[in-house]
Amino acid sequence: MKLPVEGWPEVSGQGRVGAVRRVVLLALRDLRLEVRDRAGLLSILAFFAVMLFIMALALGPEEEPLRRAAPGVLWVALAFGSTLLSTRAFALEVEEGTLDDLLLAPGGKEWIYFGKLLFQMLLLLPLAALALLMAAGLFYLPLERLFPLFLTLVLGVLGYASVATFYAGLLARLRGREVLLPLLLFSLVVPVVLASVRATTGLAEGLPVAEISDWWQLLLVFDVVYLTASALLFPVVMEG
Amino acid sequence: MLKVAQPDRPDALTWVFLGLGLLLLPVGLYLALSAPPDVNQGYLVRIMYLHVPGAWLGYLAFFVTFLYSLLYLFRRDPRHDRVASSSAEIGLVFMGLALVTGMLWARPTWGVYWTWEPRLTTTAILFAVYVGYFLLRGAIEDPELRRKAAAAVGILGFINVPISYMSVKWWRSLHQTQSIDLTTGKIHMDPAMLQALLFNLLVFTLLYLGFVRFRSLLAALEARKEEA
Amino acid sequence: MLLRLEGVGKRFGRDWVVRDLSFTLERGEVVALLGPNGSGKTTLLRLMAGLLKPTRGQVERAGRALFLPNPPAFHRHLTAREHLLYDLAFHRQGKEPEEALDRFGLPGDLPLYAFSSGMKKRLALARLTLLFPDIWLLDEPETALDKGGRDLLLATLAEARKKAGVVLATHDRTLAERVADRTLELGVA
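Chains as they are written, first to last, in the numbering used here: chain L, 1 to 240; chain B, 1 to 228; chain R, 1 to 189.
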């Protein structure tokens with residue numbers, strides 16, 4: 001038997017518009033926190049730099065092997081960086097202190113998922129662009145076709161982040177289990193890594209866009225499927 | 001699958017599946033070993049009689065997990081979760097069998113234990129996903145959260161299969177290496193071979209059904225003990 | 001009726017922290033939750049809020065619930081005003097936080113890392129008066145508050161009881177006697 005809900009007028013009563021607004025505000029708030037806390041941003045940037053540098057040392061110094069390895073190294077670095085960042089997105093909620101506040105907000109919990117995802121994208125895309133530049137420098141990766149390269153970055157990072165956000169949220173509720181994140185994540189995002197690397201390689205080798213577009217389609221399918229599935233499943237695993 | 005309320009022992013159907021499966025297993029083995037060798041592969045082809053049913057049942061098992069995970073999320077009935085996890089457990093065994101036999105087959109054929117063949121690779125990925133499934137289950141104390149999280153992984157993991165397969169297939173096709181086919185597609189099937197294969201498939205299916213029912217019963221008993 | 005618990009039990013691993021508890025809360029009521037440390041007061045509040053699901057039994061809410069943990073949880077790098085503005089937006093409310101900041105004597109532009117624990121408590125109370133849920137769940141709200149803060153707490157509770165229901169977990173029996181209509185005692189199992 002359900003208790004009748006004693007009407008509580010939502011003061012701003014914005015419904016649908018409110019949903020997007022909350023998502024954006026959450027993302028901007030987290031971004032603001034990240035910028036103020038500086039340490040987080042810098043450490044992820046440093047991570048990319050160190051990782052690319054070490055891999056360049058390991059695989060170089062000849063140009064040819066470096067150039068061939070470049071897409072793979074770039075995307076592995078992005079994968080690890082994304083994992084770190086997604087854990088941060090929820091660790092930011094100060095160990096279930098402020099996470100409760102978000103969970104108690106009215107309406108379904110999908111907005112939290114999208115807000116955290118948007119936050120990661122806003123942070124990861126610039127960082128990914130920087131990583132791309134570093135890869136161009138250290139690995140002789142040609143940068144002529146910047147726009148298609150960037151599109152690949154967006155599609156790939158989105159695929160990765162969509163799953164990472166889901167798992168990071170789930171694991172945030174289990175203390176000390178973040179170690180499971182790589183296993184859970186990497187087994188699912190194989191298609192993203194494969195497709196992104198292939199697309200990047202193709203672009204670097206000067207293949208026509210028509211040949212790359214298959215990979216973009218795969219990435220798009222992955223993104224849509226996993227964004228939807230994760231957004232639907234997120235509220236389920238975040239409730240009590 | 002389990003419709004009987006509070007059973008303490010495996011029901012008749014479970015025994016039928018298990019019994020029949022175990023009885024017919026030696027028959028299947030006999031058929032496999034007495035089937036003629038392949039024109040190209042010789043006696044090596046006999047791994048197929050384990051490999052193919054193993055892979056089939058593995059995928060079937062994970063599909064069942066996927067279905068019951070969905071069912072659980074809609075109905076929130078713990079029985080569905082028990083079937084899902086039991087099926088995943090049995091699936092892991094069959095999948096492991098498929099992977100190992102695949103590797104054993106690859107070694108004499110190409111001299112390497114591993115090859116990035118799309119089906120094998122996708123199977124390996126799926127195997128990793130369900131190992132993750134069980135690690136996650138083990139990491140969550142609260143039973144309801146455990147069920148929900150497991151259901152989520154069961155769903156996310158399975159929808160990955162077609163996407164993973166396509167990505168690995170395209171990834172490989174760029175390299176122009178020989179297309180390796182571990183299933184029956186490229187083998188001329190002698191009727192005796194087909195019969196052996198199908199028979200073993202039947203045996204494995206019976207065993208799968210029996211094991212899943214049995215394992216679900218064990219899970220129900222465990223759950224009852226936990227609630228006491 | 002704002003809140004109803006029926007036969008609610010919660011277990012962590014092998015331990016039953018809450019056992020077979022039934023409880024109702026009406027609008028206008030203030031209920032004090034008393035009991036020694038470890039008796040499950042926080043767990044019970046979180047069950048009431050819906051942050052935890054019960055192992056047994058049911059929890060039903062007719063209205064929004066908010067939970068005030070002890071100590072309150074805030075983001076260190078936000079200022080008080082920013083925090084309240086974000087919270088209001090997340091709760092889909094368009095109010096202004098200025099009046100609340102004034103009333104609780106809080107510097108709006110000070111970042112949270114510079115707040116004392118007493119100030120944080122007051123900010124948490126200010127937040128609740130702005131968001132004004134139907135069900136107020138407070139975990140030891142009296143801790144860290146000085147005399148002025150305590151007065152604010154009493155005033156806030158008086159305001160809350162007019163339109164909502166309050167459950168507060170506390171060690172302070174004087175406070176409980178002063179504000180509560182009834183008490184619920186939790187014993188150690």
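Virtual Cβ for every residue (Gly too), placed ideally from N, Cα, C.
Open item on the list: Along the region 8-38 of chain R, where does the CB come closer than 8 Å to a CB of chain B? Name the residues.
Closed with: Phe12 and Gly13
Task: Cβ distance (whole Å) where Arg224 (chain B) is taken to contact Ser86 (chain B) below 8 Å - done: Reading the second sequence from its first residue, position 224 is the one you call residue 224 (chain B). Reading the second sequence from its first residue, position 86 is the one you call residue 86 (chain B). The pair is not a contact, with the Cβ atoms about 15 Å apart (cut-off 8 Å).
Open item on the list: So with CB distances below 9 Å, who are the chain L contacts of Ala78 (chain R)?
Closed with: As a position in the third sequence, residue 78 (chain R) is number 78, starting the count at 1. Before going further, note that residue 78 (chain R) is Leu rather than Ala in the sequence given. Simply Arg29, Arg32, Leu33 and Arg36.
Task: Three-way DSSP call (helix, strand, coil) for Phe213 (chain R) in this model - done: Past the edges of chain R, shown from 1 to 189, lies residue 213 (chain R), and the structure says nothing about it.
Task: Reference Asp134 (chain R); option with closest CA among R:Met48, R:Gly9, R:Ser39 and R:Leu34 - done: The residue labelled residue 134 (chain R) in the question sits at position 134 within the third sequence. Taking only the C-alpha atoms, the option nearest Asp134 (chain R) is R:Met48.
- [ ] Return the CA-CA distance between Pro182 (chain L) and Ala89 (chain L), expressed in angstroms with no decimal places.
- [x] Against the first sequence, residue 182 (chain L) aligns to sequence position 182. Against the first sequence, residue 89 (chain L) aligns to sequence position 89. Each residue's Cα considered, the two are about 16 Å apart.
- [ ] Please list, in chain order, all residues of the same chain as Leu25 (chain B) whose beta carbon is under 7 Å from its beta carbon, the five residues on each side excluded.
- [x] Taking the second sequence and counting its residues from 1, one reaches residue 25 (chain B) at position 25. Within the same chain, Leu25 (chain B) has close Cβ partners Val203.
TODO: Report the residue from L:Leu102, L:Leu84, L:Leu174 and L:Ala129 whose alpha carbon sits nearest the alpha carbon of Arg141 (chain B).
DONE: Against the second sequence, residue 141 (chain B) aligns to sequence position 141. Contrary to the premise, residue 141 (chain B) reads as Glu rather than Arg in this sequence. Of the candidates L:Leu102, L:Leu84, L:Leu174 and L:Ala129, the one whose C-alpha sits nearest the C-alpha of Glu141 (chain B) is L:Leu174.
Open item on the list: Using a Cβ distance threshold of 8 Å, determine whether the region 215-227 of chain L contacts the region 7-18 of chain B, with at least three qualifying pairs required.
Closed with: no
- [ ] Evaluate Lys163 (chain R) with the Cβ neighbour count: other Cβ atoms within 10 Å of its Cβ, from every protein chain shown; 16 or more gives buried, anything less gives exposed.
- [x] Numbered from its first residue, the third sequence carries residue 163 (chain R) at position 163. Exposed.
Task: Counted within 10 angstroms of its Cβ, other Cβ atoms place Pro142 (chain L) as buried (16 or more) or exposed - done: Start at 1 with the first residue of the first sequence, and residue 142 (chain L) comes out as number 142. Counting Cβ neighbours within 10 Å, Pro142 (chain L) comes out exposed, since fewer than 16 surround it.
- [ ] Can you give me the Cβ contacts of Leu227 (chain L) inside the same chain, cut-off strictly under 6 Å, excluding the 5 residues immediately before and after it?
- [x] Residue numbering aside, residue 227 (chain L) sits at position 227 when the first sequence is read from its first letter. These residues qualify, in order along the chain: Ser162.
Task: Residues of its chain near Thr184 (chain B), where Cβ-Cβ distance is below 6 Å and the 5 sequence neighbours each way are ignored - done: Indexing the second sequence from 1 puts residue 184 (chain B) at position 184. Legend: pLDDT at Thr184 (chain B) = 41, less than 50; position of this residue unreliable, value from coordinates given subsequently. Cβ neighbours of Thr184 (chain B) beyond the five flanking positions: none.
TODO: Check whether the region 55-69 of chain B touches the region 88-96 of chain B, counting contact only when three or more Cβ pairs, one atom from each stretch, lie closer than 8 Å.
DONE: yes
TODO: Could you work out which residues of chain L lie near His91 (chain R), taking near to mean beta carbons separated by less than 7 Å?
DONE: Working through the third sequence from its first residue, we reach residue 91 (chain R) at position 91. Under the 7 Å cutoff, chain L gives Ala105 and Pro106.
Open item on the list: Suppose the cutoff is 7 Å on Cβ atoms and the five residues either side in sequence are ignored; what does the same chain contact list for Phe12 (chain R) look like?
Closed with: Taking the third sequence and counting its residues from 1, one reaches residue 12 (chain R) at position 12. The answer is none, since no qualifying residue turns up.
- [ ] Locate the alpha helix (DSSP H) running through Thr101 (chain B), then write down its first and last residues.
- [x] Locating residue 101 (chain B) in the second sequence gives position 101, counting from the first residue. Here the alpha helix (DSSP H) through Thr101 (chain B) covers Pro78 to Trp110.
Open item on the list: Is there a Cβ of chain L sitting closer than 8 Å to that of Trp170 (chain B), yes or no?
Closed with: Here residue 170 (chain B) refers to the residue found at position 170 when the second sequence is read from its first residue. Trp170 (chain B) counts as touching chain L.
Open item on the list: I want to see whether chain L comes within less than 8 Å of Ala152 (chain B), judged by CB atoms only; does it?
Closed with: Looking up residue 152 (chain B) in the second sequence gives position 152. Closer than 8 Å: yes.
Open item on the list: Tell me which residue opens and which closes the alpha helix (DSSP H) that Ile135 (chain R) is part of.
Closed with: As a position in the third sequence, residue 135 (chain R) is number 135, starting the count at 1. Not the alpha helix (DSSP H): Ile135 (chain R) falls in the beta strand (DSSP E), residues Ile135 to Asp139.
Task: Cβ-based burial, Asp181 (chain B) [other Cβ within 10 Å; buried from 16] - done: Translated into positions along the second sequence, residue 181 (chain B) becomes position 181. A caution first: Asp181 (chain B) carries a pLDDT of 48, below 50, which makes its placement in the model unreliable, though a value can still be read off. Flag for Asp181 (chain B) reads exposed.
Open item on the list: The alpha helix (DSSP H) that contains Thr14 (chain B), what's its start and end?
Closed with: Locating residue 14 (chain B) in the second sequence gives position 14, counting from the first residue. Counting along the chain, the alpha helix (DSSP H) containing Thr14 (chain B) begins and ends at Ala12 to Ser34.
Task: Limits of the alpha helix (DSSP H) - the one that Thr55 (chain R) falls within - done: Taking the third sequence and counting its residues from 1, one reaches residue 55 (chain R) at position 55. Premise fails: Thr55 (chain R) is in no alpha helix (DSSP H) and is neither H nor E.
TODO: Count the other C-beta atoms from every protein chain shown that fall within 10 angstroms of the C-beta of Lys116 (chain L), then say buried if there are 16 or more, exposed otherwise.
DONE: For this step, residue 116 (chain L) is matched to residue 116 along the first sequence. Flag for Lys116 (chain L) reads buried.
Task: Cutoff 6 Å; reference Thr200 (chain L); Cβ partners in own chain excluding five residues on either side - done: Looking up residue 200 (chain L) in the first sequence gives position 200. Correct list, in chain order: Pro71 and Thr152.
- [ ] Could you name the residues of chain R that Arg22 (chain L) contacts, counting a contact when the two beta carbons are closer than 7 Å?
- [x] Mapped onto the first sequence, residue 22 (chain L) falls at position 22. Those are Ala89 and Phe90, listed as they occur along chain R.
Task: Bounding residues of the alpha helix (DSSP H) (the contiguous stretch that carries Arg145 (chain L)) - done: If you number the first sequence from 1, residue 145 (chain L) lands on position 145. Where Arg145 (chain L) is concerned, there is no enclosing alpha helix (DSSP H), given that its DSSP letter is neither H nor E.
Open item on the list: Given this structure, state the Cα-to-Cα distance separating Thr177 (chain B) from Arg76 (chain R), to the nearest angstrom.
Closed with: Within the second sequence, residue 177 (chain B) is the residue found at index 177, counting from 1. Within the third sequence, residue 76 (chain R) is the residue found at index 76, counting from 1. With a pLDDT of 43 at Thr177 (chain B), under the threshold of 50, the predicted position of this residue should be treated as unreliable, and no value is reported.
- [ ] Could you give the DSSP three-state label for Phe211 (chain B): helix, strand or coil?
- [x] To locate residue 211 (chain B), count along the second sequence from 1; it is residue 211. Here Phe211 (chain B) sits in helix by DSSP.
Task: Per DSSP, cross-strand counterpart(s) of Gly42 (chain B) - done: Numbered from 1 along the second sequence, position 42 holds the residue referred to as residue 42 (chain B). DSSP lists B:Asp38 as partners of Gly42 (chain B).
Task: Per-residue DSSP class, three states only, for Trp16 (chain R) - done: Position 16 of the third sequence holds residue 16 (chain R). In the structure shown, Trp16 (chain R) sits in a strand (DSSP, three-state: E or B).
Task: Exposed unless 16 or more other CB atoms sit within 10 angstroms - verdict on Pro118 (chain B) - done: Indexing the second sequence from 1 puts residue 118 (chain B) at position 118. Buried, since its Cβ has 16 or more Cβ neighbours within 10 Å.
TODO: For Lys53 (chain R), decide whether its Cβ has a neighbour in chain L, counting only Cβ atoms nearer than 8 Å.
DONE: Mapped onto the third sequence, residue 53 (chain R) falls at position 53. Cβ-Cβ to chain L under 8 Å: yes for Lys53 (chain R).
- [ ] Pull up the distance between the alpha-carbon of Leu221 (chain B) and that of Leu22 (chain B), whole angstroms please.
- [x] Looking up residue 221 (chain B) in the second sequence gives position 221. Looking up residue 22 (chain B) in the second sequence gives position 22. Going by the C-alpha atoms only, they are around 24 Å apart.
Task: Listed by chain order, chain B residues near Val209 (chain L) by CB distance under 8 Å - done: Taking the first sequence and counting its residues from 1, one reaches residue 209 (chain L) at position 209. Going along chain B, no residue has its Cβ under 8 Å from Val209 (chain L), so there is no contact; the nearest lies around 16 Å.
Task: Simplified DSSP assignment, three categories, for Ala169 (chain R) - done: Walking along the third sequence from the start, residue 169 (chain R) turns up at place 169. Ala169 (chain R) falls in the strand class under three-state DSSP.
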